[in-house]
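Okay, so here's the structure we're looking at.
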Amino acid sequence: MTLSQLQVKFDLNGFNWTQFLHGIMSSVNIEVYPDEEIVVLCVGYLQKLQYILPKYSKRTLQNYLTWLLVIKHVPSLNSRFRDAQAKFQKELYDKSEEKARWQECVSYTNKQMESAVGALYVREAFAGERKRMVRDLIEKIREVFIETLDELEWLDAASKQKAREKAQAIKEKIGYPDYILEDNNPKLDQEYEHRNISENKYFENNLLNLKATAQAIFGKLRQKVDPDQWIVGAAIVGAFYSINENQILFPAGILQPPLISKHQLQALNFGGIGFVIGHEITHGFDNEGGH
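According to this note's numbering, the residues represented by the sequence shown are -15 to 275, in order.
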């Protein structure tokens, strides 16, 4: 629907969507117009929200939004606030989980500077031959997956053919994007050029990083999609299937022993990272990826 249609259909007790979006996008010098096409992923939520908002005063809504803002940023405050939050969670959920400070710092740095941390991690802990090994495993597992489609009696011939085509079309990203290891690296520098980090201002750094991340996302509007962009950094232990790109992704963080190694039997590699590869491929045919 268009922005003007969004305003008419989901007025939300007088909420000005155009003004709201204009305020956001003006930070990256992008103008939005009433006929702007808007992808609304949460229609059901907005429909119910229309009936909830009128039940509460503006003061109550302001207090609620302020509370959400405060509770979100407590982890970047000092121990007095963090201890209060831990006590609150203990009373509310009967549990309180706190990471060691160094773990939080490493996790936060990796999240905010994925490419830079990924480059450090790959240079230190990722063996280059694993890219080739994983690519070979993907092709073998894809081949067997396609072969087994013929054994499925509950699929008709047309559906099997579509499944074959989709399986063949699945792209893969393995290890890390090559550009992060370049010596003279303007692309990597550009990712962080607007972040003026201060050593003794952690809370302010947090706000700065949030703003920079949001502006990087907003600035992609009306730009061509970068096919080489990764959805996660290299130093992540996990594996992913992207519905939009029909793509499987295996960061360097998960491509480690005992899941994969040239020094172990190939059977162990199939049972380790091979299991993960098969799992991600099948996401392309589950209740979400199948659409």
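All C-beta atoms, glycine included, are put in the ideal place defined by N, C-alpha and C.
Cα-Cα separation between residue i and residue j, rounded to whole angstroms
{"i": "Pro38", "j": "Leu(-4)", "result": "8 Å"}
{"i": "Leu249", "j": "Glu21", "result": "53 Å"}
{"i": "Arg43", "j": "Gly(-2)", "result": "15 Å"}
{"i": "Arg107", "j": "Ile261", "result": "24 Å"}
{"i": "Pro129", "j": "Glu264", "result": "Before going further, note that residue 129 is Phe rather than Pro in the sequence given. Each residue's Cα considered, the two are about 12 Å apart."}
{"i": "Met9", "j": "Phe202", "result": "7 Å"}
{"i": "Lys83", "j": "Asn13", "result": "39 Å"}
{"i": "Ile215", "j": "Arg116", "result": "21 Å"}
{"i": "Leu286", "j": "Lys124", "result": "A question about residue 286 goes unanswered here, because the residues of the chain that appear run from -15 up to 275."}
{"i": "Glu272", "j": "Gln96", "result": "29 Å"}
Residue j beta carbon less than 8 Å from that of residue i
{"i": "Ser226", "j": "Ile164", "result": "no"}
{"i": "Tyr186", "j": "Ser80", "result": "no"}
{"i": "Ile244", "j": "Asn230", "result": "no"}
{"i": "Leu121", "j": "Ile257", "result": "yes"}
{"i": "Val16", "j": "Leu5", "result": "yes"}
{"i": "Ser(-12)", "j": "Asp19", "result": "yes"}
{"i": "Arg119", "j": "Glu156", "result": "yes"}
{"i": "Ala196", "j": "His178", "result": "yes"}
Proximal residues to residue i (C-beta, below 6 Å), its chain only, five neighbours per side dropped
{"i": "Gln69", "result": "Val58"}
{"i": "Ala219", "result": "Asn94, Val101, Gly102, Tyr105 and Gly237"}
Nearest neighbour of residue i, chosen from the options [CA to CA]
{"i": "Asp134", "options": "Ile125, Ile201 and Ala147", "result": "Ala147"}
{"i": "Phe259", "options": "Phe234, Tyr35 and Asn180", "result": "Phe234"}
{"i": "Leu104", "options": "Thr50, Val209, Ala251 and Val90", "result": "Val90"}
{"i": "Lys32", "options": "Phe(-6), Gly217 and Ser10", "result": "Phe(-6)"}
{"i": "Val221", "options": "Ile158, Thr2, Asp212 and Tyr77", "result": "Ile158"}
Endpoints, the beta strand (DSSP E) within which residue i is located
{"i": "Gln(-9)", "result": "Taken as a continuous stretch (DSSP letters only), Gln(-9) belongs to no beta strand (DSSP E), being part of the alpha helix (DSSP H) at Leu(-13) to Lys(-7)."}
{"i": "Ser226", "result": "Phe224 to Ser226"}
beta-carbon residue i near the ligand ZN non-hydrogen atom, thresh 7 Å
{"i": "Phe4", "result": "Of ligands this structure carries none, so the ligand ZN is not represented either."}
Contact with chain D by residue i, beta-carbon distance below 8 Å
{"i": "Phe(-6)", "result": "No chain D appears in the structure shown, which is made up of a single protein chain."}
Residue span of the alpha helix (DSSP H) that contains residue i, given as start and end
{"i": "Gly7", "result": "Trp1 to Met9"}
{"i": "Glu113", "result": "Glu113 to Leu133"}
Close beta carbons around residue i, own chain, < 8 Å, minus the five adjacent residues each side
{"i": "Asn169", "result": "Tyr163"}
{"i": "Lys150", "result": "Asn230, Gly268 and Phe269"}
Sequence-distant residues of its chain with Cβ nearer than 7 Å to residue i (five each side left out)
{"i": "Gly112", "result": "none"}
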